[in-house]
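**Student:**
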Amino acid sequence: MAKIIVVTSGKGGVGKTTTSASISTGLARRGFKTVVIDFDVGLRNLDLIMNCERRVVYDFVNVIQGEASLNQALIKDKRVETLYILPASQTREKEALTQEGVERVLNELAETFDYIVCDSPAGIEHGAQMALYYADEAIVVTNPEVSSVRDSDRILGILQSKSRRSEMGLDPVKEHLLLTRYNPDRVDRGEMLSVGDVEEILAIPLLGVIPESQIVLNASNQGMPVILENDSDAGQAYEDAVGRLLGEEREHRFLTAAKKGFFSRMFKG
Amino acid sequence: MPEADATQTSQCFQLKGANVSLTALELHFFEEDAFEETLRDKIRQAPGFFRDIPLVVSLEKYEGPTAELDFFKLIGICRRHNIHVVAVRGGDEDQRRLARNAALALLPATAQREPRAPEPAEEAVEEAAPTTPDPAPTAAGPAPAAARLITQPVRSGQQVYAPEGDLIILAPVQAGAEVLAAGNIHVYGPLRGRALAGVHGLSEARVFCQSLEAELVSIAGHYKISEDLQEQGWKQAVQLQLKDDLLVVTPLDK
Ligand SMILES: Nc1ncnc2c1ncn2[C@@H]1O[C@H](COP(=O)(O)OP(=O)(O)OP(=O)(O)O)[C@@H](O)[C@H]1O
Ligand SMILES: [Mg+2]
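As structure tokens, this is what we get:
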């Protein structure tokens, strides 16, 4: 049975698509057959981050509406053997994602895949609710600021009341907090909430902390999931998060401001 | 013929006894603008609570002239704010006839009070003597109802309502969440959202929490917002209660 993981946040621009790309790549890199679905109808950009935008012929909505088969629409990743992308439509109305349609596609994918990662659109409306409805687990992407934390809290409420698992009285959706764009310097200066603050407010287990990093922007611009930047702090933080998602114990890193280099320590005293 | 072997399931419907707790609006007089303004103010305190609720208009304390009792206008204003007037309670014969013409159901006056001719003199006496044992909470049920118990965090955008008794929450109430109860509210965690106790008018209701960080606390309609709450007991374990219509905060360890 495939595991369905939604990457969601409420607030926009916090790093859901960046996270979906890296987590799915990380799972696939470990040999799990993984598909990542872009639920952001009208605003697709997962295919850009995955560098496959020029290979999109059919999309998620085409499959839902029976205009294409899954095999026609799935794009095989060029870097990681067992990774597939199901892109979003750029042209369709959001309402094209019907609950039955989404269910049918997920069921068909579940027959052959180990992991289905759903990249949710921002907001708490239809698209976001479709993306989370069938989830078994949720990665709640949060930035260390009050408005983002508030929206994450709201999404957690929806996961608890409007997901398939809640409606059918099954075990609740397993929740993970992923704190992204974390900048320890700004936390020290009191300009951002700390990991502890966010954990305290949201009261769900911490999957990882991804530092704010220029490398993330560079990687996205090159169409490269940042987890493949093995030497970068953000890449390693995502790799740690994948490990924890699979149940491994890993110590949290990159939580404190970078140590001053040898020379700056010498000269600044 | 269906009559011959009519089974239970072939019946179109069955009548069942139902016991619901309703919110009553105790009308003192009716003037369109004043009414709408007051209503708006109440809704502002608890937007989630008023959305689509059924409402009973209680005429037991009505003092205005019967001629001004325009139920059509009253219903219209309520409907504009998504409140559904379903019935009147009490009132004299003329008032009840007006209500009936506006398609409202008629409920008997509250039992505790003998229906009396509404003589202004008598009203005045009653108001001057608040020592009467019955402060007449508008719709507090006769028997204490079982408390509602919540073990999950109440998240932003969520609302939890105990329409008849106490509400006990063994988790945080987050900013943007709203908890309401006819009776007391106990939060064994931080109270960061809005808490409204005694929503039917029970002024003895209290709110208890482990850490007061609330956006608003209201007891029987008397409320304080975050700004005012920060003056005392902020981020501490406290209880809140009404003393002479004033919301008072006291630390729990005292
Ligand atoms: N850890 C990070 N450090 C620096 N920049 C980041 C980080 N994570 C994401 N970003 C940048 O933030 C922007 C938004 O990221 P992304 O598109 O992943 O967010 P999103 O939540 O999917 O947005 P939307 O709600 O619009 O779908 C992008 O420019 C991305 O490169
Ligand atoms: Mg996105």
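Here the protein sequences line up with chains U and C, keeping their order.
The numbering of the first sequence is this note's numbering, which starts it at 4 and goes up by one.
The numbering of the second sequence is this note's numbering, which starts it at 26 and goes up by one.
Here a beta-carbon is modelled for each residue, glycine too, at the ideal position from N, C-alpha and C.
Residues near ligand 2, CB to any non-hydrogen atom under 5 Å, in chain order?
**Tutor:** Chain-ordered list of matching residues: U:Lys19 and U:Thr20.
**Student:** With DSSP collapsed to three states, give me the class of isoleucine 127 (chain U).
**Tutor:** Taking the first sequence and counting its residues from 1, the one referred to as residue 127 (chain U) is at position 124. Coil at isoleucine 127 (chain U), not helix or strand.
**Student:** Should the region 180-199 of chain U be regarded as contacting the region 208-227 of chain U, the criterion being three or more beta carbon pairs within less than 8 Å?
**Tutor:** These segments touch.
**Student:** What does the alpha-carbon distance come out to for the pair alanine 196 (chain C) and valine 232 (chain C)?
**Tutor:** Taking the first residue of the second sequence as position 1, residue 196 (chain C) is located at position 171. Taking the first residue of the second sequence as position 1, residue 232 (chain C) is located at position 207. Using only the alpha carbons, I get a separation of about 15 Å.
**Student:** Give a yes or no on whether 8 Å exceeds the smallest Cβ distance from glutamine 255 (chain C) to chain U.
**Tutor:** Numbered from its first residue, the second sequence carries residue 255 (chain C) at position 230. By this cut-off, glutamine 255 (chain C) is not an interface position.
**Student:** Could you work out which residue in C:Val273, C:Leu227, C:Ala245 and C:Lys268 is closest to aspartate 253 (chain C) when comparing CA atoms only?
**Tutor:** Within the second sequence, numbered from 1, the residue matching residue 253 (chain C) stands at position 228. It is C:Val273.
**Student:** Quick one: is alanine 142 (chain C) buried, meaning 16 or more other Cβ sit within 10 Å of its Cβ, or exposed?
**Tutor:** Your numbering for residue 142 (chain C) matches position 117 in the second sequence. Low confidence applies here, because alanine 142 (chain C) scores a pLDDT of 35, under 50, leaving its location unreliable; read the following figure in that light. Alanine 142 (chain C) should be labelled exposed.
**Student:** Helix, strand or coil for lysine 36 (chain U)? Go by DSSP, reduced to three states.
**Tutor:** For the purposes of this step, residue 36 (chain U) is taken as the residue at position 33 of the first sequence. Reduced to three states, the DSSP call for lysine 36 (chain U) is coil.
**Student:** Can you have a look at alanine 154 (chain C) and say buried or exposed, based on whether 16 or more other CB atoms are within 10 angstroms of its CB?
**Tutor:** Within the second sequence, residue 154 (chain C) is the residue found at index 129, counting from 1. Note that alanine 154 (chain C) scores a pLDDT of 32, beneath 50, so its modelled location is shaky and nothing firm can be said.
**Student:** If we ignore side chains and look at the alpha-carbon of each, how far apart do aspartate 321 (chain C) and leucine 84 (chain C) end up?
**Tutor:** There is simply no residue 321 (chain C) to check, as chain C begins at 26 and stops at 279 in what is shown.
**Student:** With distances taken from CA atoms, which of C:Ala245, C:Leu267 and C:Thr275 is nearest glutamine 255 (chain C)?
**Tutor:** Within the second sequence, the letter at position 230 stands for residue 255 (chain C). With distances taken between Cα atoms, glutamine 255 (chain C) lies closest to C:Thr275.
**Student:** Verify the contact flag: arginine 122 (chain C), CB atom, against every heavy atom of ligand 1, threshold strictly below 7 Å.
**Tutor:** Counting from one through the second sequence, the residue named residue 122 (chain C) turns up at place 97. Outside the cutoff, so no.
**Student:** Short of 6 Å in beta carbon distance, which residues of its chain neighbour isoleucine 7 (chain U), apart from the five on each side in sequence? Order them along the chain.
**Tutor:** Position 4 of the first sequence holds residue 7 (chain U). Contacts found: Ile119, Tyr137, Ala138 and Asp139.
**Student:** The beta strand (DSSP E) spanning valine 242 (chain C) covers which residue range?
**Tutor:** Within the second sequence, residue 242 (chain C) is the residue found at index 217, counting from 1. It spans 241-244 - the beta strand (DSSP E) in which valine 242 (chain C) sits, taken as one unbroken run.
**Student:** Is glutamate 128 (chain U) near ligand 1, going by C-beta to nearest heavy atom under 7 Å?
**Tutor:** Counting from one through the first sequence, the residue named residue 128 (chain U) turns up at place 125. No, the Cβ of glutamate 128 (chain U) stays beyond 7 Å of every heavy atom of ligand 1.
**Student:** Would aspartate 117 (chain U) and threonine 22 (chain U) qualify as a contact pair, given that the criterion is a beta-carbon distance under 8 Å?
**Tutor:** Walking along the first sequence from the start, residue 117 (chain U) turns up at place 114. Walking along the first sequence from the start, residue 22 (chain U) turns up at place 19. Contact: no.
**Student:** For valine 212 (chain C), report the span of its beta strand (DSSP E) as first-last.
**Tutor:** As a working note, residue 212 (chain C) is residue 187 in the second sequence. 210-216 is the extent of the beta strand (DSSP E) around valine 212 (chain C).
**Student:** Sort out for me which residues DSSP pairs lysine 177 (chain U) with in a bridge.
**Tutor:** Within the first sequence, the letter at position 174 stands for residue 177 (chain U). For lysine 177 (chain U), which the question treats as bridged, DSSP gives the partners U:Glu140.
**Student:** Return the chain-ordered ranges of every beta strand (DSSP E) run that is complete within the region 37-121 of chain C and spans a minimum of 3 residues.
**Tutor:** Those beta strand (DSSP E) runs which fall completely within the region 37-121 of chain C and span 3+ residues are 48-51, 79-83 and 109-114.
**Student:** Could you check which residue in U:Thr85, U:Val143 and U:Tyr87 has the C-alpha nearest to that of glycine 16 (chain U)?
**Tutor:** In the first sequence, counting from the first residue as 1, residue 16 (chain U) sits at position 13. Comparing Cα-Cα distances from glycine 16 (chain U) to each of U:Thr85, U:Val143 and U:Tyr87, the minimum goes to U:Val143.
**Student:** Would leucine 182 (chain U) count as contacting chain C if we go by Cβ distances under 8 Å?
**Tutor:** Residue mapping note: residue 182 (chain U) aligns to position 179 of the first sequence, counting from 1. With 8 Å as the cut-off, leucine 182 (chain U) does not count as an interface residue toward chain C.
**Student:** For ligand 1, I want to know if alanine 125 (chain U) counts as a neighbour, meaning its beta carbon is within less than 7 Å of at least one of the ligand's heavy atoms.
**Tutor:** In the first sequence, the residue the question calls residue 125 (chain U) occupies position 122. Yes - ligand 1 has a heavy atom lying nearer than 7 Å to the Cβ of alanine 125 (chain U).
**Student:** Using DSSP with H/G/I as helix, E/B as strand and the rest coil, what is leucine 227 (chain C)?
**Tutor:** Within the second sequence, numbered from 1, the residue matching residue 227 (chain C) stands at position 202. Reduced to three states, the DSSP call for leucine 227 (chain C) is coil.
**Student:** Take the Cβ of lysine 14 (chain U) as the centre, count every other Cβ of all protein chains shown within 10 Å, and call the residue buried at 16 or more, exposed below.
**Tutor:** As a working mapping, residue 14 (chain U) is identified with position 11 in the first sequence. Buried is the call here.
**Student:** Taking the alpha-carbon positions, what's the methionine 171 (chain U) to glutamine 132 (chain U) distance?
**Tutor:** Reading the first sequence from its first residue, position 168 is the one you call residue 171 (chain U). Reading the first sequence from its first residue, position 129 is the one you call residue 132 (chain U). So the two alpha carbons sit approximately 16 Å from each other.
**Student:** So, does the CB of glutamine 36 (chain C) fall closer than 8 Å to a CB anywhere in chain U?
**Tutor:** Stepping through the second sequence from its first residue, residue 36 (chain C) is reached at position 11. Cβ-Cβ to chain U under 8 Å: no for glutamine 36 (chain C).
**Student:** Suppose the cutoff is 6 Å on Cβ atoms and the five residues either side in sequence are ignored; what does the same chain contact list for threonine 157 (chain C) look like?
**Tutor:** For the purposes of this step, residue 157 (chain C) is identified with residue 132 of the second sequence, where counting begins at 1. A caution first: threonine 157 (chain C) carries a pLDDT of 34, below 50, which makes its placement in the model too unreliable to give a value.
**Student:** Using a C-beta to C-beta distance shorter than 7 Å, which residues of chain C count as neighbours of glycine 160 (chain U)?
**Tutor:** What you label residue 160 (chain U) is simply residue 157 of the first sequence in a count that begins at 1. In chain order: Arg180, Ser181, Gly182 and Gln183.
**Student:** Given tyrosine 186 (chain C), which residues of its chain have a CB within under 6 Å of its CB, disregarding the five upstream and five downstream residues?
**Tutor:** Along the second sequence, one-based indexing puts residue 186 (chain C) at 161. Here the set comprises Leu205.
**Student:** Return the residues of the region 112-130 of chain C that lie within a Cβ-Cβ distance of less than 8 Å from chain U, sorted by chain order.
**Tutor:** Those residues of the region 112-130 of chain C that come within reach of chain U (Cβ to Cβ, closer than 8 Å) do not exist; the list is empty.
**Student:** Ligand 1 and alanine 237 (chain U): does any heavy atom of the ligand fall closer than 7 Å to the residue's C-beta?
**Tutor:** Within the first sequence, numbered from 1, the residue matching residue 237 (chain U) stands at position 234. Indeed, a heavy atom of ligand 1 lies less than 7 Å from the Cβ.
**Student:** Report the residue from U:Thr20, U:Asn65 and U:Arg82 whose alpha carbon sits nearest the alpha carbon of asparagine 74 (chain U).
**Tutor:** Counting from 1 along the first sequence, the entry for residue 74 (chain U) is found at position 71. Among U:Thr20, U:Asn65 and U:Arg82, the Cα nearest to that of asparagine 74 (chain U) is on U:Asn65.
**Student:** Using CA atoms only, rank isn't needed, just tell me which of U:Ala206, U:Leu220 and U:Gln225 is closest to alanine 237 (chain U).
**Tutor:** Reading the first sequence from its first residue, position 234 is the one you call residue 237 (chain U). Answer by Cα proximity: U:Leu220.
**Student:** Following the continuous beta strand (DSSP E) through alanine 206 (chain C), name the residue where it begins and the one where it ends.
**Tutor:** Here residue 206 (chain C) is taken as the residue at index 181 of the second sequence, counted from 1. From DSSP, the beta strand (DSSP E) with alanine 206 (chain C) extends over 203-206.
**Student:** Would you mind working out which of U:Met195, U:Asp188 and U:Ser27 sits nearest aspartate 122 (chain U), comparing C-alpha positions?
**Tutor:** Indexing the first sequence from 1 puts residue 122 (chain U) at position 119. Comparing Cα positions, the closest option is U:Ser27.
**Student:** Determine which residues share a DSSP beta bridge with glycine 211 (chain U) and list them.
**Tutor:** Residue numbering aside, residue 211 (chain U) sits at position 208 when the first sequence is read from its first letter. The partner list for glycine 211 (chain U) (beta bridge, DSSP) reads U:Leu181.
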